[in-house]
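Visitor: Handing you this structure, nothing more for now.
Protein chains: 2
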Amino acid sequence: MQIELKPFQALTLWKEIAISEVRDDAHDLTMRQLAVLLTVYLEPPPHTIRGMAAKLKVTKPVITRALDTMGGYGLVDRHRDEKDKRNVLVKRTVKGALYVEKLGDLVIAKARGLPL
Amino acid sequence: MQIELKPFQALTLWKEIAISEVRDDAHDLTMRQLAVLLTVYLEPPPHTIRGMAAKLKVTKPVITRALDTMGGYGLVDRHRDEKDKRNVLVKRTVKGALYVEKLGDLVIAKARGLPL
DNA sequence: CGAGATCATTTCGGTTCCGTATCATTTTAT
DNA sequence: ATAAAATGATACGGAACCGAAATGATCTCG
Numbered sequence: 104m105q106i107e108l109k110p111f112q113a114l115t116l117w118k119e120i121a122i123s124e125v126r127d128d129a130h131d132l133t134m135r136q137l138a139v140l141l142t143v144y145l146e147p148p149p150h151t152i153r154g155m156a157a158k159l160k161v162t163k164p165v166i167t168r169a170l171d172t173m174g175g176y177g178l179v180d181r182h183r184d185e186k187d188k189r190n191v192l193v194k195r196t197v198k199g200a201l202y203v204e205k206l207g208d209l210v211i212a213k214a215r216g217l218p219l
Numbered sequence: 104m105q106i107e108l109k110p111f112q113a114l115t116l117w118k119e120i121a122i123s124e125v126r127d128d129a130h131d132l133t134m135r136q137l138a139v140l141l142t143v144y145l146e147p148p149p150h151t152i153r154g155m156a157a158k159l160k161v162t163k164p165v166i167t168r169a170l171d172t173m174g175g176y177g178l179v180d181r182h183r184d185e186k187d188k189r190n191v192l193v194k195r196t197v198k199g200a201l202y203v204e205k206l207g208d209l210v211i212a213k214a215r216g217l218p219l
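In order, the protein sequences belong to chains R and W. Remember, the working numbering sits 103 above the position in the first sequence when you count from 1. Remember, the working numbering sits 103 above the position in the second sequence when you count from 1.
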C-alpha cells in the first residue's frame with residue numbers, strides 16, 4: 104500500500120472501490136452501514152449502540168436500524184450485556200468477517216492497480 | 104505480522120473515510136451516487152445515462168434518480184445532447200468540483216495518517 | 001414517409017430510511 | 001423504596017429509493 108498518493112489517484116482509488124461495491128453489490132450497504140460495520144470489525148470491543156451513535160455523530164435509531172439490516176444479512180449480531188442489561192453489545196459473525204476481509208482485498212487490489 | 108497488517112490498514116483507511124463522510128455529512132450520498140459522481144468527475148466526457156448504467160451494472164432509472172438528487176444539491180448538471188437529442192449529457196459544476204476536490208484531500212489526509 | 005429501435009424519464013406498488021418523539025427496561029441515587 | 005437517569009427499541013409521518021413496465025421524444029433506415 105503506497106501512501107504517496109496524488110489527489111487524482113486517491114480519488115480514482117475511491118471511485119474504483121465504489122464502483123466495484125455497486126457492481127457486485129451483495130448487500131447494498133449504505134455509507135452509514137459500512138461505517139458501522141467497519142467500526143465493529145476494526146476497533147476493539149465492546150461496541151454499544153450509544154457509543155457508535157456518538158462516534159458517527161448520528162442518532163441512536165440510525166445505529167439500531169443499521170444493525171437490524173446488517174443483522175438480517177448475518178453480518179453482525181447483538182447480545183444483551185449481562186453486566187448492565189440496558190446495554191446491547193454488537194458482536195462479529197463469521198459471515199461478516201468474511202465480507203470485511205473481502206473488502207480489504209478489494210481495496211488492496213485496486214490500490215495495487217493504480218499507476219503510481 | 105506485516106502481511107496481516109496490510110489488509111487491516113487498507114480497511115482502516117476505508118473506515119476512516121466512511122466515518123468522516125457520515126459525520127460531516129454535507130450531502131449524505133449513497134454509494135451509488137458517489138460512484139456516479141466520481142465517474143463524472145474523473146473520467147473523460149461524454150457521460151450518458153445509458154453509459155453510466157452499463158458501467159455500474161444498474162438500471163437507467165437508478166442513474167436518473169441519482170442525477171436528480173445530486174442535481175438538486177448542485178453537484179452535477181444535465182444538458183440535452185444537441186447532436187442526438189435522445190441523449191442527455193451529464194456536466195460538471197463548480198460546486199461538484201469543489202466537493203470532489205475536498206473528498207480527494209480527505210482520502211490523502213487519512214492515508215497519510217496511517218501507521219505504516 | 002413510416003415502422004421500429006433507442007434513449008431518458010415517469011409511473012407504479014412496495015420497501016427502506018430519516019428524525020423526532022415516545023416507550024420499556026434497567027440502573028443509580030436519594 | 002422510589003424517583004430520576006440511562007439505554008436501546010419502537011411508532012409515526014414523510015421522503016427517497018428500488019425494479020419493472022409504460023411513456024414520450026428522437027433517430028435510423030428501408
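For every residue, glycine included, the Cβ atom is placed at its ideal position computed from N, Cα and C. Note that this is a predicted model, so its numbers are computed, not measured.
Using the Cβ count rule (16 or more neighbours within 10 Å means buried), how would you classify Glu119 (chain W)?
Guide: Within the second sequence, numbered from 1, the residue matching residue 119 (chain W) stands at position 16. Glu119 (chain W) is buried by the Cβ-count criterion.
Visitor: For chain W, check one thing: does any of its Cβ atoms lie closer than 8 Å to the Cβ of Gly154 (chain R)?
Guide: Residue 154 (chain R) sits at position 51 when you count from the first residue of the first sequence. No, its Cβ sits nowhere closer than 8 Å to a Cβ of chain W.
Visitor: Below 8 Å on C-beta distance, what does Gly199 (chain W) contact in chain R?
Guide: Numbered from its first residue, the second sequence carries residue 199 (chain W) at position 96. The premise fails here: Gly199 (chain W) is roughly 13 Å from chain R at the closest Cβ pair, so nothing lies under 8 Å.
Visitor: In three-state DSSP terms, what is Val191 (chain W)?
Guide: By one-based count along the second sequence, residue 191 (chain W) stands at place 88. DSSP places Val191 (chain W) in strand when its eight states are reduced to three.
Visitor: Tell me, which residues are paired with Val179 (chain R) by DSSP?
Guide: Stepping through the first sequence from its first residue, residue 179 (chain R) is reached at position 76. Beta-bridge pairing links Val179 (chain R) to R:Arg195.
Visitor: Tell me whether Thr167 (chain R) sits in a helix, a strand or coil according to DSSP, three-state version.
Guide: Along the first sequence, read from residue 1 onward, the residue named residue 167 (chain R) stands at position 64. If DSSP states are grouped into helix, strand and coil, Thr167 (chain R) belongs with the helices.
Visitor: Please compile the residues from chain R whose C-beta is within a distance smaller than 8 Å of the C-beta of Thr133 (chain W).
Guide: Along the second sequence, one-based indexing puts residue 133 (chain W) at 30. Here the neighbours are Thr133, Met134.
Visitor: Checking the sheet assignment: what are the DSSP bridge partners for Thr151 (chain W)?
Guide: The count along the second sequence starts at 1 and reaches residue 151 (chain W) at position 48. Partner(s): W:Leu192.
Visitor: Beta-carbon within less than 8 Å of Ile106 (chain W)'s beta-carbon, same chain only, minus the 5 sequence neighbours each way: which residues are those?
Guide: Position 3 of the second sequence holds residue 106 (chain W). In this prediction, Ile106 (chain W) has a pLDDT of 47, which is less than 50 and means its spatial position is unreliable; what the coordinates show is noted afterwards. Cβ within range, chain order: n/a, list empty.
Visitor: Residues of the segment 136-166 of chain R in Cβ contact with chain W at a cutoff of 8 Å, in chain order, please.
Guide: Cβ contacts with chain W: Leu137, Ala138, Leu141, Thr142, Tyr144, Leu145, Lys158, Leu159, Lys160, Val161.
Visitor: Using a beta-carbon distance below 8 Å, is Asp208 (chain R) in contact with chain W?
Guide: Counting from one through the first sequence, the residue named residue 208 (chain R) turns up at place 105. Cβ-Cβ to chain W under 8 Å: yes for Asp208 (chain R).
Visitor: Return the chain-ordered list of same chain residues with a C-beta closer than 7 Å to the C-beta of Lys162 (chain W), the five sequence neighbours on each side being excluded.
Guide: Mapped onto the second sequence, residue 162 (chain W) falls at position 59. For the sequence presented, residue 162 (chain W) should be read as Thr rather than Lys. For Thr162 (chain W), where only same-chain residues beyond five positions count, the Cβ hits under 7 Å are Ala156.
Visitor: Let me see if you follow: with CB-CB separation under 8 Å, is Thr115 (chain W) close to chain R or not?
Guide: Stepping through the second sequence from its first residue, residue 115 (chain W) is reached at position 12. At least one chain R Cβ lies under 8 Å of Thr115 (chain W).
Visitor: Does DSSP put Glu124 (chain W) in a helix, a strand or coil?
Guide: One-based indexing of the second sequence puts residue 124 (chain W) at position 21. Glu124 (chain W) falls in the helix class under three-state DSSP.
Visitor: Can you find at least 3 beta carbon pairs, one from the segment 188-195 of chain W and one from the segment 145-156 of chain W, that sit closer than 8 Å?
Guide: Contact holds: three or more Cβ-Cβ distances are below 8 Å.
Visitor: Helix, strand or coil for Leu219 (chain R) per DSSP?
Guide: As a first step, residue 219 (chain R) is located in the first sequence; it is residue number 116 there, counting from the start. Only weak support is given to the placement of Leu219 (chain R): the predicted model assigns it a pLDDT of 48, under 50, and the value that follows is read from those uncertain coordinates. In the structure shown, Leu219 (chain R) sits in coil (DSSP, three-state: anything other than H, G, I, E or B).
Visitor: Note down, in chain order, each residue of its chain lying with its Cβ closer than 7 Å to the Cβ of Tyr202 (chain W), except the 5 sequence neighbours on either side.
Guide: Position 99 of the second sequence, counted from the first residue, corresponds to residue 202 (chain W). Once the five neighbours on either side are set aside, the close Cβ partners of Tyr202 (chain W) are Leu178.
Visitor: So for Asp184 (chain R), helix, strand or coil by DSSP?
Guide: In the first sequence, residue 184 (chain R) corresponds to position 81, counting from 1. Of the three classes helix, strand and coil, the one that applies to Asp184 (chain R) here is coil, per DSSP.
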